[in-house]
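**Q**
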Amino acid sequence: MLSFSVSGSYTDLYEITMGEVAFLQNRQELPVIFDYFFRTVPAKGGYAVFAGLQDVLDALAGLQFTSEDIAFLRDRHFDAAYLDYLQRFKFRGRVYAVREGEVIFPHCPVLRVEGSLFETQLVETLLLNLVNFQSLVATKASRMRQVAGERILSDFGFRRAHGPGGILAARAAVIGGFQSTSNVYAAELYGLEASGTMAHAFIESYGSELEAFRAFSASRPQGCVFLLDTYDTLKSGVPNAITAAKEMELRGHRALGIRLDSGDLAYLASQARRMLDEAGLPYMKIAASNQLDELVIRSLLEQEAPIDIFGVGTKLVTGHPDAAFDGVYKMALVASRPTMKLSETPSKGTLPGIKQVRRVFDKDGRFFGADVILLEGQGGAPVPMMYHPFQPGKSLDIGHLRQEPLLQLVMEEGEPLHPTYPLSEVAAYCASRLSLLPAEYKRFENPHRYKVGLSKRLLQLRDETRERYNHF
Numbered sequence: 157m158l159s160f161s162v163s164g165s166y167t168d169l170y171e172i173t174m175g176e177v178a179f180l181q182n183r184q185e186l187p188v189i190f191d192y193f194f195r196t197v198p199a200k201g202g203y204a205v206f207a208g209l210q211d212v213l214d215a216l217a218g219l220q221f222t223s224e225d226i227a228f229l230r231d232r233h234f235d236a237a238y239l240d241y242l243q244r245f246k247f248r249g250r251v252y253a254v255r256e257g258e259v260i261f262p263h264c265p266v267l268r269v270e271g272s273l274f275e276t277q278l279v280e281t282l283l284l285n286l287v288n289f290q291s292l293v294a295t296k297a298s299r300m301r302q303v304a305g306e307r308i309l310s311d312f313g314f315r316r317a318h319g320p321g322g323i324l325a326a327r328a329a330v331i332g333g334f335q336s337t338s339n340v341y342a343a344e345l346y347g348l349e350a351s352g353t354m355a356h357a358f359i360e361s362y363g364s365e366l367e368a369f370r371a372f373s374a375s376r377p378q379g380c381v382f383l384l385d386t387y388d389t390l391k392s393g394v395p396n397a398i399t400a401a402k403e404m405e406l407r408g409h410r411a412l413g414i415r416l417d418s419g420d421l422a423y424l425a426s427q428a429r430r431m432l433d434e435a436g437l438p439y440m441k442i443a444a445s446n447q448l449d450e451l452v453i454r455s456l457l458e459q460e461a462p463i464d465i466f467g468v469g470t471k472l473v474t475g476h477p478d479a480a481f482d483g484v485y486k487m488a489l490v491a492s493r494p495t496m497k498l499s500e501t502p503s504k505g506t507l508p509g510i511k512q513v514r515r516v517f518d519k520d521g522r523f524f525g526a527d528v529i530l531l532e533g534q535g536g537a538p539v540p541m542m543y544h545p546f547q548p549g550k551s552l553d554i555g556h557l558r559q560e561p562l563l564q565l566v567m568e569e570g571e572p573l574h575p576t577y578p579l580s581e582v583a584a585y586c587a588s589r590l591s592l593l594p595a596e597y598k599r600f601e602n603p604h605r606y607k608v609g610l611s612k613r614l615l616q617l618r619d620e621t622r623e624r625y626n627h628f
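Counting from 157, one number per residue, gives the positions in the sequence shown under my numbering.
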């Protein structure tokens, strides 16, 4: 379920103006196909995570123009007959996609939209808006899960997010491996675990830190976490937390832990752990926040910081350092005619025709390090050889290896074909697929480049189509 309302106006103006031209020339129902894929892996990494599919399907299933949309467009002098057409519009296309949570690689189509020229063009902005952002955040989250191991990761980013994007970020973070969010709205909407501690202002509102800790623990004994750095982490924060936790024990409760939000987190965590253990509170966990990302988490754990919970905010929900996911939506077929975009930069060109993607597995059942793009309808036999998309003459023998098709039909006639997967199931699928990706593709520095190649028939179609366009 989307966290906000979507109608036909959830798009860029040029989609609607191009639609009017198509309508006035009676081309609006022309059958076409668009592919969604991305070009550059975030954070100079070796892979990305596909997220946002369910929100796209939900949006498409209910996509219509409201009376307010029509009134707005009428004031922009759109044709009256065209506005009548928009008023009757409902998305009735077909969608193929890889499973949400899938590990994906550059240039491979991971979503395909088939339908009329008008509807497939109209949904471009909506699709890119939902999938690009969630895939960026899910990828970032998966990198943090990779270094955090079994430790708890919680999304603390709502207040630093770009408006309502923080709601979608909470969803995407769970797909990538986070267990909870501070975002109550997202937790309610998506069925997530909500988590949080207390603010400095809460502590400052009392006469003393200990008084604040006592008040909080009395009202919220379940999951009670004390924030320690309002005044002095080691001189007052930890001692007062110990006092309040001991008093909770007398009432039959246990504090969950403490939270560090500033300073030298590795040093403070080590000192706090020692003090808690000496006080007979080994069960109290240590949470840390403050400008964390996968690199900071890795550094803290390399220093053997005894941190059990990481609350990650700004750098998660903004997809730092990239800020945007390089996903694009390009036409591949129009009225049974393969089409493509040409570019002086080979990697910016697109692939024509109706395509499938197969993942290649090694003899041990892990990802071989290669995906092959082929034409739909090439049959179920293994692709014997895949060819480099940009370097002529470079090829790889894959015919002896197991190949798994990734694109599956997920929407027919504008209706989703499968029930909504629980986010826990999507996250588990993402984790299972990442476990099959060899470590050299997951490392942060100089990861191996995952190979993406073309079948011989697709390579030939691309070259033939390019040659045809070169004559224009």
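Built from N, CA and C at the ideal position, the CB exists for glycine as well.
Please specify which runs of the beta strand (DSSP E), each continuous and at least 3 residues long, are wholly inside the region 489 to 546, giving them in chain order.
**A** Within the region 489 to 546, the complete beta strand (DSSP E) runs of at least 3 residues are 511 to 517, 523 to 531, 541 to 543.
**Q** Roughly how many angstroms lie between the CA atoms of Glu348 and Phe221, to the nearest whole one?
**A** According to the sequence shown, residue 348 is Leu rather than Glu. Using only the alpha carbons, I get a separation of about 31 Å.
**Q** Go ahead and label Tyr625 buried or exposed: buried means 16 or more other beta carbons lie within 10 angstroms of its beta carbon, across all protein chains shown.
**A** Answer is exposed; the Cβ neighbour count stays below 16.
**Q** Smallest Cα separation from Ala342: which of Gly332, Gly321, His356?
**A** Nearest option by C-alpha distance: Gly321.
**Q** Let's see if you can read the secondary structure: which residues bound the beta strand (DSSP E) around Arg268?
**A** Start and end: 267 to 272.
**Q** To which residues of the same chain is Val259 closer than 7 Å at the C-beta, ignoring the five residues directly before and after it?
**A** The answer, listed in chain order, is Tyr203, Val205, Arg589, Leu590, Leu593.
**Q** Quick one: what does DSSP say Gln220 is sitting in, helix, strand or coil?
**A** Three-state result, Gln220: coil.
**Q** Please list, in chain order, all residues of the same chain as Glu596 whose beta carbon is under 7 Å from its beta carbon, the five residues on each side excluded.
**A** Correct list, in chain order: Pro603, His604.
**Q** Going straight from the alpha carbon of Ala583 to that of Arg230, what length do you get?
**A** The straight-line gap from Cα to Cα measures roughly 44 Å.
**Q** If we count the other Cβ atoms within 10 Å of its Cβ and call it buried at 16 or more, is Gln290 buried or exposed?
**A** By the neighbour-count rule (16 or more Cβ atoms within 10 Å), Gln290 is buried.
**Q** Where does Asp433 fall in DSSP's three states?
**A** Here Asp433 sits in helix by DSSP.
**Q** Do Asn288 and Phe481 count as a contact pair if the criterion is CB distance below 8 Å?
**A** The answer is yes: Cβ separation under 8 Å.
**Q** Would you mind sorting Val254 into buried or exposed? The rule is 16 or more other CB atoms within 10 Å of its CB.
**A** So Val254 ends up on the buried side.
**Q** Judging by CA-CA distance, which residue of Ser418, Ile172, Leu573, Arg248 is the nearest neighbour of Tyr238?
**A** Closest option to Tyr238, Cα to Cα, is Ile172.
**Q** Can the beta-carbon of Ala397 be found closer than 8 Å to that of Phe382?
**A** The answer is yes: Cβ separation under 8 Å.
**Q** Which class does Ile323 belong to by DSSP, given the choice of helix, strand or coil?
**A** Helix.
**Q** Hey, could you find the ends of the alpha helix (DSSP H) Asp240 is sitting in?
**A** Element bounds for Asp240: 236 to 243.
**Q** Using DSSP with H/G/I as helix, E/B as strand and the rest coil, what is Glu601?
**A** Glu601 falls in the coil class under three-state DSSP.
**Q** Quick check on Phe160: buried or exposed, where buried means 16 or more other Cβ atoms within 10 Å of its Cβ?
**A** Exposed is the call here.
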